[in-house]
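Colleague:
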Amino acid sequence: MPRERLSVVVTRRLPEAVETRLCELFDVQLRDDDAPMSREELVAAVQSADVLVPTVTDTIDGGLLGQAGENLRLIANYGAGVDNIDVATARQRGILVSNTPGVLTDDTADMTMALILAVTRRLPEGISLMQQGDWSGWAPTALLGGRIGGRRLGILGMGRIGQAVARRASVFGMQVHYHNRRRLRPEIEQELDATYWESLDQMVARMDVISVHCPSTPSTFHLMNARRLKLLKPSAVVINTSRGEVIDENALTRLIRSGDIAGAGLDVYEHGTQVNPRLRQLPNVVLLPHMGSATLEGRIEMGEKVIINIKTFEDGHRPPDQVVPSML
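Start counting at 1 in the sequence shown, then tack on 19, and there's your number in our numbering.
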């Protein structure tokens, strides 16, 4: 007699190939539209499912986990970051948590370089000029940006994505510097031709571009606060494709408006979709709607990791991408 299939609830629409494979393997409840689940829907999901597949837009906190049914034993997050999940409480309740690390490294690093170029070469201003039909022809002094070759890039967080950005930046001729919780091994430092700074303050004061690639944790909240942002050179730009909470968004806005920072390229925001309206008014700020990992290939690979984690759990083994509090 075939064993009963795991009950899996997916909180958002996923690529069709991923949804189809999930349905082939498990008893799956899919979303009919791409709207985030309400709190009430999330409560119903954790009460009925064996496995929950949330995304970064879903808050899986202690209050929600306290209402989970006895059958919920795995939260297979569709995403690398797990700051949306109370991992410690899940562990206390005997619920495993897994994520999808590694598959979005190249996509996010590519977008980081795109933002660096967009800000320093004033691409949005040029696009706007063409879309409005206001271009009157080439001029020697029109829309002058800055060459990125030879500039110092300060990477805040030298994990997988930070290192991928370093490799790309080196090809563009940038000088790579970094600050990290732990210094890289000498051979990796040598490969990346990267200079380590133990003091974040000393690094940011000397960089032309600051690129944020650290996770959102209590220790990184407003790591780039008003005091530290004021250390930047007036010609420096700030790039963030990691987590919005790492930067004090109001302070960044004030300093750009006053001319104390040259510009910014942001793909993530401190308050999610509630973007500071003053940022939208600045021509030297490039804003993207969390597109850093938005490639079809990446989204499918994320789904494949989710499926592997669930199938491994179903077979009685530890999911290969299990997350524990000590990793955070």
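A virtual CB, placed ideally from N, CA and C, is assigned to each residue, including glycine.
Tell me where the beta strand (DSSP E) around residue 283 begins and ends.
Modeller: Its beta strand (DSSP E) spans residues 282-285.
Colleague: Tell me, which residues are paired with residue 214 by DSSP?
Modeller: Its beta-bridge partners are 196.
Colleague: Have a look at the DSSP bridge pairing and note the partners of residue 243.
Modeller: Per DSSP, 266.
Colleague: Could you name the residues that DSSP lists as bridge partners for residue 117?
Modeller: Bridge partners of residue 117: 95, 341.
Colleague: Can you list, in chain order, the residues of its chain with a C-beta nearer than 8 Å to that of residue 20? Leave out the 5 residues immediately preceding and following it.
Modeller: Low local confidence applies: a pLDDT of 40 at residue 20 is under 50, so the model's placement there is unreliable, with the coordinate-based value given in what follows. Around residue 20: no qualifying Cβ.
Colleague: Is it true that the CB of residue 96 sits closer than 8 Å to the CB of residue 117?
Modeller: Contact flag set, yes.
Colleague: Using 8 Å as the cut-off, can you tell me whether the segment 171-184 makes contact with the segment 124-138, which would need three or more C-beta pairs spanning the two stretches below that distance?
Modeller: They touch, by the three-pair rule.
Colleague: If you scan the segment 309-334 from start to end, which runs of the beta strand (DSSP E) of 3 or more residues do you find wholly inside it?
Modeller: Fully enclosed beta strand (DSSP E) runs of 3 or longer: not present.
Colleague: Taking the beta strand (DSSP E) that residue 174 belongs to, which residues open and close that run?
Modeller: Counting along the chain, the beta strand (DSSP E) containing residue 174 begins and ends at 171-175.
Colleague: Could you spell out the range, first to last residue, of the beta strand (DSSP E) harbouring residue 46?
Modeller: 46-48 is the extent of the beta strand (DSSP E) around residue 46.
Colleague: Hey, how far is the Cα of residue 74 from the Cα of residue 320?
Modeller: Spanning the two alpha carbons is a distance of roughly 14 Å.
Colleague: Between which two residues does the alpha helix (DSSP H) carrying residue 180 extend?
Modeller: Element bounds for residue 180: 179-190.
Colleague: Return the residue from the list 121, 85, 162 that minimises the CA-CA distance to residue 109.
Modeller: Answer by Cα proximity: 85.
Colleague: Along the beta strand (DSSP E) that carries residue 223, what are the first and last residues, could you check?
Modeller: Here residue 223 belongs to no beta strand (DSSP E); instead the alpha helix (DSSP H) covers 219-223.
Colleague: Using C-beta distances below 6 Å, list every residue in its chain close to residue 296, excluding the 5 sequence neighbours before and after it, in chain order.
Modeller: If we look at residue 296 and ignore the five residues flanking it on each side, it has no Cβ neighbours.
Colleague: In terms of alpha-carbon separation, which member of 225, 27, 199 lies closest to residue 242?
Modeller: With distances taken between Cα atoms, residue 242 lies closest to 199.
Colleague: I need the DSSP call for residue 230, collapsed to helix, strand or coil.
Modeller: Strand at residue 230.
Colleague: Checking 8 Å against the spacing of the C-beta atoms, do residue 148 and residue 142 come in under that value?
Modeller: No, these two residues do not count as a Cβ contact at 8 Å.
Colleague: Taking the alpha carbon of residue 119 as the point to measure from, which residue in 327, 337, 134, 82 has its own alpha carbon closest?
Modeller: That would be 327, whose Cα lies nearest to the Cα of residue 119.
Colleague: Give every residue of the same chain whose Cβ lies closer than 7 Å to the Cβ of residue 83, excluding the five residues on either side of it in the sequence, and list them in chain order.
Modeller: Excluding positions up to five away in sequence, the list reads 61, 62, 65.
Colleague: Which same chain residues, not among the five before or five after residue 33, have their C-beta less than 6 Å away from its C-beta?
Modeller: So the list reads 322, once near-sequence residues are dropped.
Colleague: Could you tell me the distance, in whole angstroms, from the CA atom of residue 79 to the CA atom of residue 163?
Modeller: One C-alpha to the other measures close to 47 Å.
Colleague: Between which two residues does the alpha helix (DSSP H) harbouring residue 106 extend?
Modeller: That run of the alpha helix (DSSP H) goes 106-111.
Colleague: By how many angstroms is the C-alpha of residue 232 removed from the C-alpha of residue 239?
Modeller: Those two C-alpha atoms are separated by around 11 Å.
Colleague: Look up residue 20 in the DSSP assignment and say whether it is helix, strand or coil.
Modeller: Its pLDDT being 40, under 50, residue 20 is placed unreliably in this model, and the coordinates cannot settle the point.
Colleague: Among 160, 260, 299, whose alpha-carbon lies nearest the alpha-carbon of residue 269?
Modeller: Comparing Cα positions, the closest option is 299.
Colleague: Report the rounded CA-to-CA distance for residue 123 versus residue 317, giving the unit in angstroms.
Modeller: Near 6 Å, if we compare the C-alpha coordinates of residue 317 and residue 123.
Colleague: Please report the straight-line C-alpha distance between residue 257 and residue 151, rounded to a whole angstrom.
Modeller: Approximately 28 Å between the Cα atoms of the pair.
Colleague: Are at least three pairs of beta-carbons, each pair with one atom in the segment 220-236 and one in the segment 171-181, less than 8 Å apart?
Modeller: The segment 220-236, when compared against the segment 171-181, does touch it at the 8 Å Cβ threshold.
Colleague: What does DSSP give as the partner residue(s) for residue 79 in the beta ladder?
Modeller: Note: residue 79 sits in a beta bridge opposite 104.
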